[in-house]
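Structure first, then comments.
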Amino acid sequence: MILFLTVLLSIVQAQALPSTITVAPNSPVTSISAAIARAAPGDTIEVQAGVYPEHVVIDKPLTLVGLGNPVIDGGGVGIIVLITAPDVTLRGFTLRNSGRLLEHEDGGIESQAERTVIEGNHLENVLFGIYLNNAASGIVRGNFVRGMDLPSAHRGDLVRFWYSHDSLLEDNTTENGRDAVIWFSSNVMIRNNVIRNGRYGLHFMFCDNNTLIGNRLEGNSVGIYLMNSKNLTLTGNTMARSRGPSGYGLGLKDMDGVQAERTLAADNRLAI
0 MILFLTVLLS
10 IVQAQALPST
20 ITVAPNSPVT
30 SISAAIARAA
40 PGDTIEVQAG
50 VYPEHVVIDK
60 PLTLVGLGNP
70 VIDGGGVGII
80 VLITAPDVTL
90 RGFTLRNSGR
100 LLEHEDGGIE
110 SQAERTVIEG
120 NHLENVLFGI
130 YLNNAASGIV
140 RGNFVRGMDL
150 PSAHRGDLVR
160 FWYSHDSLLE
170 DNTTENGRDA
180 VIWFSSNVMI
190 RNNVIRNGRY
200 GLHFMFCDNN
210 TLIGNRLEGN
220 SVGIYLMNSK
230 NLTLTGNTMA
240 RSRGPSGYGL
250 GLKDMDGVQA
260 ERTLAADNRL
270 AI
């Protein structure tokens, strides 16, 4: 009886251990979506180099790791990667060619769940970029996002945090988007990001207790716009070459408790 119980426990433990599924053009699993369908919560999916023309929905807690810079190509339609489960990590991919419909918020990556980690990805020719949508405690780190070659008013936001409290935006670079939006999201850290050639580099509304450290806003219509929020702390940020219709380096509207120090505002139409 003891031997039987020991064997049974070993089987249960083995079944509970996370496993790794490999996706590659010449492997038994050639589709990221097929690997997700096969995976158990907590598994890791390793995707080898290649081009994967698909739209990916991650609906269980998983870690997806790109090895050798695999490409997920959206074919010019919709959202390329949609995350609907908590505790998902997406790392090391190139995502390209989202849809172009502003009203559908087509884009590269959208998370609708808590504790998402999006890091080390390269997004190109996307309308919207990385979107945390009611996705608290997210981490968006070390990504490069380039928007579509469109007039400013027709572009999407390359970063958007919407009702996504307690999140981190760090070490990302965006180019040719509309805004980096932090709306209705409090206790967010925004650190060491570079945002170029957009409309509002960083655009805050109804956010309290956020911190901005060491960000560079270059060549936007407005560098940083703070609106309808409380207790925002800015340290060591640079706003340069803001030359749009407003041309503000730093704009403030209906704000309380702003602390800004070691700010460099250079070559803007109007500094503050």
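Under the working numbering, think of the first position of the sequence shown as 0, with each following residue one higher.
The beta-carbon is built from N, C-alpha and C at its ideal position, and this holds for glycine as well.
So, with DSSP's three-state summary, where would you put residue 121? If DSSP states are grouped into helix, strand and coil, residue 121 belongs with the strands.
Classify residue 255 as buried or exposed, calling it buried when 16 or more other Cβ atoms lie within 10 Å of its own Cβ. Residue 255 comes out exposed.
Below 7 Å between beta carbons: does that hold for residue 88 and residue 116? Yes; because the gap between Cβ atoms is below 7 Å, this pair is in contact.
Rounding to the nearest angstrom, what Cα-Cα distance links residue 206 and residue 17 in this structure? Rounded to whole angstroms, residue 206 to residue 17 spans 38 Å at the Cα level.
Whose C-alpha, out of 250, 238 and 21, is nearest the C-alpha of residue 261? Among 250, 238 and 21, the Cα nearest to that of residue 261 is on 238.
Own chain partners of residue 154 with C-beta closer than 6 Å, once the 5 adjacent residues on each side are dropped: Contacts found: 146, 176 and 177.
Residue from 148, 248, 191 and 106 with nearest C-alpha to residue 159: When only C-alpha atoms are compared, the closest one is 106.
Quick one, are the C-beta atoms of residue 120 and residue 142 less than 7 Å apart? Yes, Cβ-Cβ distance for residue 120 and residue 142 is below 7 Å.
Restricting to runs no shorter than 3 residues, where is the beta strand (DSSP E) found entirely within the region 154-231? Runs found: 158-161, 167-169, 172-174, 178-182, 188-190, 193-195, 199-204, 210-212, 215-217 and 221-226.
So, using beta-carbon positions, are residue 186 and residue 219 closer together than 7 Å? Going by C-beta atoms, residue 186 is not nearer than 7 Å to residue 219.
Buried or exposed: which applies to residue 163, given that a residue is buried once 16 or more other Cβ atoms fall within 10 Å of its Cβ? That one is buried.
Compute the beta-carbon to beta-carbon distance between residue 267 and residue 240, rounded to the nearest angstrom, for a pair I have assumed lies under 8 Å. Sure, about 7 Å apart at Cβ, within 8 Å.
For residue 110, which three-state DSSP category applies? In the structure shown, residue 110 sits in a strand (DSSP, three-state: E or B).
Express the C-alpha separation of residue 202 and residue 225 in angstroms, rounding to a whole number. Approximately 6 Å, taken between the alpha carbons.
Should residue 37 go down as buried or exposed, given a rule of 16 or more other Cβ atoms within 10 Å for buried? Residue 37 should be labelled exposed.
By a C-beta neighbour count over all protein chains shown, 10 Å radius and 16 as the cutoff for buried, is residue 69 buried or exposed? Residue burial is scored here from C-beta neighbours: residue 69 has at least 16 other C-beta atoms within 10 angstroms and is therefore classed as buried.
Can you find the residues in the same chain that come closer than 6 Å, C-beta to C-beta, to residue 23, ignoring five residues on each side of it along the sequence? Hits under 6 Å: 47.
Mind checking whether residue 222 and residue 200 have CB atoms under 7 Å apart? For residue 222 and residue 200, yes; Cβs fall inside 7 Å.
Determine the direct distance from the alpha carbon of residue 26 to that of residue 184, and round the result to whole angstroms. Each residue's Cα considered, the two are about 42 Å apart.
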